[in-house]
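Here the structure comes first, spelled out in structure tokens, and everything after it is commentary.
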Amino acid sequence: MSHNQSISMPNSQSARLQEYVHSAEKQHALYKRTLWIVSISQIFGGAGLAAGVTVGALLARQMLGTDALAGVPSALFTFGSAGAALLVGRLSQRRGRGIGLGAGFITGGVGALGVILAAVMNNVFLLFLSLLIYGAGSATNLQARYAGTDLANSRQRATAVSLTMVFTTFGAVAGPNLVNVMGNVALAVGVPAMAGPFILAAAAYILAGIVLFIWLRPDPLTVSRMIEAARVDSLDKSQPAAIPHAENKRGITAGAIVMILTQMVMTAIMTMTPVHMGHHGHGLGAIGLVIGFHIGAMYLPSLVTGVLVDKLGRKAMAVASGITLLLAGLVAAWAPGDSMVLLVVALVLLGLGWNFGLISGTAMIVDSTESSTRAKTQGTVDVLIALSGAAGGVLSGMVVAGSSYSTLSIIGGIVSLLLIPVIMWSRSKSITQ
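If you're matching positions, the sequence shown starts at 0 in numbering that gives the first Met the number 0 and goes up one per residue.
In structure tokens:
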């Protein structure tokens, strides 16, 4: 392993980690421990993410007085998540998953505190700046899914991703359903009710970061790199063909496009759903319930999805993602604004389609990269995913202001069908499954 590729660590720590290199039993134990630690952090991370998703657009509308800019909060924290994704990926590559992910979550918590202060001061500039910083939590919440794959074999990768995402469900579903409770807590301490969920977000993100900083040891990416280095060193240097393959560029591209399109469609429709419901007389409790179902559908099916992706293949589940998102868009477009049942169905399908796309796309990325550059590549791909979400958030408000929520939903459904030609293109050259 070259010097510029190695993760910085003291010699004593490196010596302690050597015992994992040649012990399959210790590797398996560390793999299971990593899944548990990351899963615990994801419970908190999910709660932090869901709070902003639920009331971000409503807080902006309240402070700005217009629906046209209601998508700006989503755009800002996804733009912030883009920059954070790059930094978290690079920091993880250099210092390990625990430090990279821990720093990302704590930064997101600081951003949530800034949103609370901005609401108290009614300062729009501080709100926008804080939402950018808050986006670090969203980026980290997504990148944490990779940590479980560092020590997984090719038949476990999608399942490893799904296990960590299942635990995100607990916090992600609780967050929106605590909107009214946190609003009352906020009022009790002199903070506007709309900022209440960000109190939960701040505490949740900071706790997630602390869990990873303290307990994600030994670091799975560090151990994975050492295992691969030992494997390369054991090869006959006169047989360069035996050295592990280079990155599969086509596989990386296909996986990235799958996740980019699903993120854009999901973010656009999800962002404007609370605003759409508000126009039809639904209160915060009803909005929180619908978003809670949506976020539950984003994460809860993950355990089954991971198994399906590993068994049926990455490409088949990516196509299923496009079809499911199309159905979500059609149901959302045709649902009467006062129909809670149909809005729940639409948002559940939206979350499920995103889930299929994220897990299949993530597995494509892991399949197509080497551990020596994996975290850096994953961070770069997540930048593009975040930017696509930002674009979806910005455009969603403009489309609804210029036309309607139904138009936005139909456009989203049509865009999701682009996943099918992407998969057809990827099939023209073998991608490891």
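A virtual CB, placed ideally from N, CA and C, is assigned to each residue, including glycine.
Everything numeric in this text was worked out from a predicted model, so none of it was measured.
Beta carbon of residue 72 nearer than 7 Å to that of residue 81: What you label residue 72 is simply residue 73 of the sequence shown in a count that begins at 1. What you label residue 81 is simply residue 82 of the sequence shown in a count that begins at 1. Going by C-beta atoms, residue 72 is not nearer than 7 Å to residue 81.
Residue interval of the alpha helix (DSSP H) (run including residue 260): Within the sequence shown, the letter at position 261 stands for residue 260. Counting along the chain, the alpha helix (DSSP H) containing residue 260 begins and ends at 248-278.
Outcome for residue 320 when other beta-carbon atoms lying within 10 angstroms are tallied against a minimum of 16: In the sequence shown, the residue the question calls residue 320 occupies position 321. Buried, because 16 or more other Cβ atoms sit within 10 Å of the Cβ of residue 320.
Three-state secondary structure (DSSP) of residue 27: For the purposes of this step, residue 27 is taken as the residue at position 28 of the sequence shown. In the structure shown, residue 27 sits in a helix (DSSP, three-state: H, G or I).
Continuous alpha helix (DSSP H) stretch holding residue 183: start and end: Residue 183 sits at position 184 when you count from the first residue of the sequence shown. 178-187 is the span of the alpha helix (DSSP H), which, as asked, contains residue 183.
Contacts around residue 408, its chain only, beta-carbon distance under 7 Å, and the 5 residues preceding and following it disregarded: Counting from 1 along the sequence shown, the entry for residue 408 is found at position 409. Cβ within range, chain order: 268, 328, 331 and 332.
Alpha carbon of residue 422 to alpha carbon of residue 29, nearest angstrom: Residue numbering aside, residue 422 sits at position 423 when the sequence shown is read from its first letter. Residue numbering aside, residue 29 sits at position 30 when the sequence shown is read from its first letter. Roughly 34 Å between the two C-alpha positions.
Proximity of residue 76 and residue 137 at Cβ, strictly below 7 Å: What you label residue 76 is simply residue 77 of the sequence shown in a count that begins at 1. What you label residue 137 is simply residue 138 of the sequence shown in a count that begins at 1. Yes, they are a contact pair.
Backbone CA spacing between residue 255 and residue 280 [nearest angstrom]: Along the sequence shown, read from residue 1 onward, the residue named residue 255 stands at position 256. Along the sequence shown, read from residue 1 onward, the residue named residue 280 stands at position 281. Spanning the two alpha carbons is a distance of roughly 38 Å.
Range covered by the alpha helix (DSSP H) that runs through residue 395: Here residue 395 is taken as the residue at index 396 of the sequence shown, counted from 1. From DSSP, the alpha helix (DSSP H) with residue 395 extends over 373-401.
Segment contact, 8 Å Cβ cut-off, at least three pairs: the region 209-225 with the region 336-349: no
Cβ-based burial, residue 187 [other Cβ within 10 Å; buried from 16]: Within the sequence shown, residue 187 is the residue found at index 188, counting from 1. By the 10 Å Cβ count, residue 187 comes out exposed.
Three CB pairs or more closer than 8 Å across the region 274-293 and the region 361-380: no
Three-way DSSP call (helix, strand, coil) for residue 362 in this model: Along the sequence shown, read from residue 1 onward, the residue named residue 362 stands at position 363. If DSSP states are grouped into helix, strand and coil, residue 362 belongs with the helices.
C-alpha distance - residue 200 paired with residue 253, whole-angstrom precision: Here the question's residue 200 lines up with position 201 in the sequence shown. Here the question's residue 253 lines up with position 254 in the sequence shown. Taking the straight line from one Cα to the other gives about 33 Å.
Separation of residue 181 from residue 104, as counted between CA atoms: As a working note, residue 104 is residue 105 in the sequence shown. As a working note, residue 181 is residue 182 in the sequence shown. Roughly 21 Å separates the two Cα atoms.
Separation of residue 163 from residue 185, as counted between CA atoms: As a first step, residue 185 must be located in the sequence shown, where it is residue number 186. As a first step, residue 163 must be located in the sequence shown, where it is residue number 164. Residue 185 and residue 163: Cα-Cα distance of roughly 31 Å.
C-alpha gap between residue 19 and residue 108, whole angstroms: As a position in the sequence shown, residue 19 is number 20, starting the count at 1. As a position in the sequence shown, residue 108 is number 109, starting the count at 1. So the alpha carbons of these two residues sit roughly 34 Å apart.
The region 364-373 / the region 141-153 touching (three or more Cβ pairs under 8 Å): yes
Other residues of its chain near residue 276: CB distance less than 8 Å, five sequence neighbours each side excluded: Position 277 of the sequence shown, counting from 1, holds the residue named residue 276. Cβ neighbours of residue 276 beyond the five flanking positions: 285, 286, 289, 336 and 342.
Neighbourhood of residue 25 by C-beta distance below 7 Å, restricted to the same chain and skipping five residues each side: Here residue 25 refers to the residue found at position 26 when the sequence shown is read from its first residue. Same-chain partners within the cutoff: 18 and 19.
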